[in-house]
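A.B. asks:
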Amino acid sequence: MKTETIAAIATGLTDSGIGIVRISGPDAFAVIRKIFRKKNGAAADLSRSHTVQYGYLYEDDKEDSEKLDEVLVVIMKGPHSYTGEDTAEIDCHGGVLMMRKILEAVLRHGARAAEPGEFTKRAFLNGRIDLSQAEAVIDVISAKNDLALKNSMRQLSGSESAKIRGLREKILYEIAYIESALDDPEHISLDGYREKLKTGLKEIIAQVKKLIDSADYGRMVSEGIRTVIVGKPNAGKSSLMNVLLGEDRAIVTEIAGTTRDTLEEQVRFGDISLQITDTAGIRDTEDVIEKIGVDRARNAASGADLIIYVIDSSVPLDENDSEILDMISGQKAIILLNKSDLPAVVDPDRIRADARFAGHPVITVSARDESGFDELKDTIREMFYRGAIHANDEVLITNLRHKEALVSAHQSLMMVMESIENGLPEDFFSIDLTDAYAQLGSIIGEAVEDDVVNEIFSRFCMGK
Amino acid sequence: MAVLEEYYDIVVVGAGHAGCEAALACARLGLETIMFTVSVDSIALMPCNPNIGGSSKGHLVRELDALGGEMGKNIDKTFIQSRMLNESKGPAVHSLRAQADKQDYSRQMRKTLENTDHLTIRQAEVSEIVTEEISSDGGKKYRISGVKTVSGAVYHAKAVVLATGTYLKARCIFGDVSNYTGPNGLQAANHLTDSLKAHGIEMYRFKTGTPARVDRRSLDFSKMEEQPGDEYIQPFSFSTDPDSVQKKQVSCWLTYTNERTHEIIRQNLDRSPLFSGEIEGTGPRYCPSIEDKVVKFPDKERHQIFVEPEGLYTNEMYLSGMSSSLPEDVQHAMYKTVPGLEHVKIVRNAYAIEYDCINSLQLAPTLEFKTIEGLFSGGQFNGSSGYEEAAVQGFMAGVNAAMKVLGREPYVLDRSQAYIGVLIDDLVTKENHEPYRMMTSRAEYRLLLRQDNADLRLRAVGHEIGLVSDEEYEKTCEKKRKIEEEIRRLERTNIGVNPQVQEFLMQHKSTPLKSGITLAELVRRPELDYVMLTELDEERPNLARDIIEQVNINIKYEGYIRRQEQQVEQFKKLEKKRLSVNFDYCRIKGLRLEAAQKLNLYKPVSIGQASRISGVSPADISVLLVYFEKYGGNNV
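Protein sequence lines correspond, in order, to chains A and B. Once you know that position 278 of the first sequence is 278 in the numbering used here, the rest is easy, because the numbers rise by one and skip nothing. Once you know that position 301 of the second sequence is 301 in the numbering used here, the rest is easy, because the numbers rise by one and skip nothing.
(1) Only counting the same chain, and skipping five residues up and downstream in sequence, which positions put a Cβ closer than 8 Å to that of Ala454/B?
(2) What is the residue span of the alpha helix (DSSP H) that Met506/B lies within?
(3) Closest to Cys26/B by CA distance: which of Gly19/B, Val399/B, Ser244/B and Thr257/B is it?
(4) How many Å lie between Thr227/A and Ser384/B at the Cα?
(5) For Thr5/A, count the other beta carbons within 10 Å of its own beta carbon; 16 or more makes it buried, fewer makes it exposed. Which is it?
(6) Please list, in chain order, the residues of the segment 66–96 of chain A that have any C-beta partner in chain B closer than 7 Å.
(7) Tell me which residue opens and which closes the beta strand (DSSP E) that Ser320/B is part of.
(8) How far does the beta strand (DSSP E) with Tyr355/B in it reach, from first residue to last?
(9) Could you confirm whether any beta carbon from chain B is found closer than 9 Å to the beta carbon of Phe457/A?
(10) Ignoring anything shorter than 3 residues or poking outside the segment 398–461 of chain A, list the beta strand (DSSP E) runs there in chain order.
(11) With burial defined as no fewer than 16 other Cβ atoms inside 10 Å of the residue's Cβ, what is the status of Glu418/A: buried or exposed?
(12) With 9 Å as the threshold, decide whether the Cβ of Tyr557/B is near any Cβ in chain A.
(13) With a floor of 3 residues, list each beta strand (DSSP E) that falls wholly inside the segment 351–388 of chain A, ordered by position along the chain.
(14) Since I believe Ala352/B is in contact with Leu254/B (beta carbons under 8 Å), could you give me their beta-carbon distance rounded to a whole number of angstroms?
(15) Assuming the contact rule is C-beta atoms closer than 8 Å, Lys67/A and Tyr56/A should be a hit. Round their C-beta distance to whole Å, please.
(16) Look at the Cβ atom of Tyr473/B, then the Cβ atom of Gln567/B, and state whether they are nearer than 9 Å.
(17) What's the C-alpha gap between Asp284/A and Asn320/A?
(18) Taking the C-alpha atoms as reference points, what is the distance between Glu132/B and Asn600/B?
(19) Identify the contact partners of Leu85/B in chain A, using a Cβ-Cβ distance below 8 Å as the criterion.
(20) With Val38/B and Gln187/B assumed to form a contact (beta carbons below 8 Å), what rounded beta-carbon distance in angstroms separates them?
(21) Helix, strand or coil for Gly53/B, going by three-state DSSP, please let me know.
(22) Just to confirm, are Thr210/B and Ala350/B a CB contact at a threshold of 9 Å?
(23) So that I know if they touch, is there some Cβ in chain B lying closer than 9 Å to that of Phe124/A?
(24) Curious, which full-length beta strand (DSSP E) runs of at least 3 residues does the segment 108–150 of chain B contain?
(25) Determine, using beta-carbon pairs with one atom in the segment 264–273 of chain B and one in the segment 321–330 of chain B, whether at least three such pairs fall under 8 Å.
(26) Scan the segment 270–301 of chain B for residues whose Cβ lies nearer than 8 Å to a Cβ of chain E and list them as they occur along the chain.
(27) Once you ignore the five residues that flank Ala157/B on each side, which residues in its own chain have a CB closer than 6 Å to its CB?
(28) Go to Phe306/B, then tell me how far its beta strand (DSSP E) extends in each direction, as first and last residue.
(29) Give me the Cα-Cα distance between Pro512/B and Val531/B, rounded to the nearest whole angstrom.
(30) Chain B partners of Glu174/A, CB-CB under 9 Å?
(31) How big is the Cα-Cα spacing for Ser222/A and Glu160/A?
(32) Using a Cβ-Cβ distance under 9 Å, would Ile6/A count as near chain B?
(33) Mind listing which residues of the segment 418–429 of chain A have their C-beta closer than 8 Å to chain B's C-betas, in chain order?
(34) When you compare each of Ile43/B, Glu486/B, Ser320/B and Val347/B to Ala391/B by their alpha carbons, which one comes out closest?
(35) Would you mind giving the Cβ-Cβ distance between Leu448/B and Gln564/B, rounded to the nearest angstrom? I have them listed as a contact below 8 Å.
(36) To the nearest angstrom, how far is it from the Cα of Gly90/B to the Cα of Pro541/B?
Here you go:
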């Protein structure tokens, strides 16, 4: 029985500058052999266990492959490793992007993304963890799984999961069509079906490809530090967001309360990634829609890794500000005094001294002049490296898992195309279609179960 | 008061397709077996469609045959037309279907039963199961000790197989007419349900239906399309000599409903017991009544009707596709709108039938009741539908009842071994609220579970059970050897580049060779196959048709077959991790509450089965794995 080789980022995405990508399983060393070269260009020496080697990690094993990072590789032969299996650890620079790139390279060369708690589970099953720790292991698995499930859902934006659902529906229809014809050949015919399927399939494949590409940009799933911009109406939250994004993403007007829903975007400062949510301005309001927006803002703020509290420095603080301060108490925050281009009535030093602001860093900016933003970026970076902000490592892993699932769904769909070209019988199509269906389902947390049978009965008139 | 008392090893209740297989299996294994039926004249009755097999059902029959069951042999003796369905599609979905002479089918099966040693047939209605209570931690548990008939007679037995079909509290309905009878006006069994309920068994009420039977002389076949049988007939049974079944066949006929038919149905829907709420049972979605089809698929302009003979010695024809429970006058009116049926004379009305069956989640994969030791069940009683589904369950229930009595290990086929395994696993693992029909889409490893290799998959199991003779088994082993040998030869035989070869390839629109290639590689090309390559293959041995078929399939679809084999390996890993059915899952902290509740309700026998229960997540399975790794899989 061949055990699969698994990989994951073993360190959190926080503080230190070093990240570790761990690979465990029978092909762990084979992966290293493919994508690691020592400084002198030689392959890794895998003859001895518990050695550390210095060199570079590459995109792939081709001659002209791109150098990804300068790394240390630790080789541990099973059973003398944490999991009890052959294990390689790549110590790399700890940026979110870099770790992700390295993990992706590893996944392309024979490993698959580890399930939540899978290293621990293997360690346990291979007898590397004392039996008395069984309950602890179970806790780890359930906790990590809960987190992963939550993330899996949270990371998918509504439109992306709707897209995946739509694709699945189309695929399911095709499976059910083929299957109903197989089960009831006298009532349902497959004449001329191949061409029809081919046309439909091209469209589906194109859409899956698009999703894969967008996963590369990190748009499909949001990753990084969950940052929520809060503030009173017309404090300039949306303008701030636009400056950070470098585009007019949010609608900015002079009218207070323009942003009525939350907007989400992805921003990178060098190696740091922010998932920024712009929220509706927080104030006591009678407007029903605006009220919903305010509630959403509260929700977003409560789940944030970092809060950017935007204050219009040209108007005095009022009871709405107290409300916001209550809302963000206990969280990491940066206070942004916006509109420095206008005469100031709010004094930064008085804010710093104000106990209600809990010692949060205070930065003066002007979204209109785009001034003060370098200080903001430096502050965020500094907080991140200091470990003041914790981003959740499951987020990144989930993202990669999604991409992996999309890639294998794509492969399965291409197999169907190939089978059509090669004139294979229709029942082979549904084998690969079902694989694609299951892969897409794993992204939105839906299993196959009896979908096909139900679809057959609801769509096609069967039988005697 | 003195009552009749008799002693047997095994009691089988019911003599339909499940009961017959159960009784034969037990008696053939040397156990004293008694089979009860409400009417000896209706042994192996086919109360609905006059055929055996069809998509995925054909697979079941061949698997049953490979294991040593009777259905395949019996249909080979009594068929009047045979077709291999889906021949233009992949080998996994080829399906054999034969039209039966119903009376002959029943008569031949009865003859076989009557001539089987250790088998007693008794006409009587079983009204009670007799049990003794045994102690258990989790709720009441019983052990079976026999059955009681309506007349009070007691039949002691070490194991009992229930195969009551559609007879329990059966009710037949059309229009506002309803009769408390089993199919065909046969006596219903009205008492057993209460006895089962008293033992805590949960019952469901299911429904199914059948179309009218009509007089052949009243039909105009010139308005229908003829559906002849195959030119070359393949038998169902691996023991039947193919040459012996090449005989003259009768035809079926195809016609269609039309808008007028649908209009009549729509106008009379208020008189349908299905829509008025008169019928409470849950019907199967895969064989809906014609009124169901018209309502659910209003855009369909016509529905196919197959007119099929019921036998050689009767004029009755079966109207496949038009089952109904509409009133008599509506039935007449709607049938008469169908081309060829303008002057139709109905012999028997279409009707719906309601009956009691069990919630099959109460069964272990051996088909033994979890709470009543020694009580097994099979067939429609378990909530399935179809003769073939019934027969295979009856067989497995019978075999496991016998194993119990003999003190041997039970036989459970898994999802990677047989459609039978898929069928039973589904029944005992998944919520089922309609009569369950086998479908090829339910089998995840169907490329491996083909009807053509059922013998290669299951003969060994049948032999080990003791229902396949040494001689039959040796035949299969020999076949296997020849297949492997020929595949090896093709993998080794190189074809060089020469004008004859290039010419041949051009002729068959296949790319010419650039360098030498093995014969196997050529077989793999989509446009070629084993038989076509005969002229390039100088050393080809003379092989039987079934061997050639295996060689061709195994080489041609090797990639896909290998992929499924790898999936099976993964699957088997979890199947092998056994769970105790007495374990309380609430003891495992870390399991989500929903999962623990589901697991306690289903009591799966393996982690594999647990993973198929809806509501149990992969993380829950990880938790189970770790937990049982710690405490040991078998001692929980």
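Even glycine gets a Cβ: it sits at the ideal position worked out from N, Cα and C.
C.D. replies: On the basis of the supplied data:
(1) His59, Arg62, Glu63, Asp65, Ala66, Phe238 and Ala418
(2) Pro499 to Gln507
(3) Val399/B
(4) 56 Å
(5) buried
(6) none
(7) Glu316 to Ser320
(8) Tyr351 to Ile358
(9) yes
(10) none
(11) exposed
(12) yes
(13) 362–364
(14) Their Cβ separation, rounded to whole angstroms, is 25 Å, which puts Leu254/B and Ala352/B out of contact at 8 Å.
(15) 5 Å
(16) no
(17) 7 Å
(18) 25 Å
(19) Pro185 and Glu186
(20) 5 Å
(21) strand
(22) yes
(23) yes
(24) 119–123, 126–134 and 141–149
(25) yes
(26) In the structure shown, chain E does not exist; the protein chains are A and B.
(27) Tyr8, Ile10, Val11 and Gly146
(28) Gln304 to Pro309
(29) 19 Å
(30) The contacting residues do not exist; Glu174/A stays about 13 Å from chain B at best.
(31) A caution first: Ser222/A carries a pLDDT of 42, below 50, which makes its placement in the model unreliable, though a value can still be read off. Their Cα atoms are separated by approximately 11 Å.
(32) no
(33) Asn422, Gly423, Leu424, Pro425, Glu426, Asp427 and Phe428
(34) Ile43/B
(35) 5 Å
(36) 26 Å
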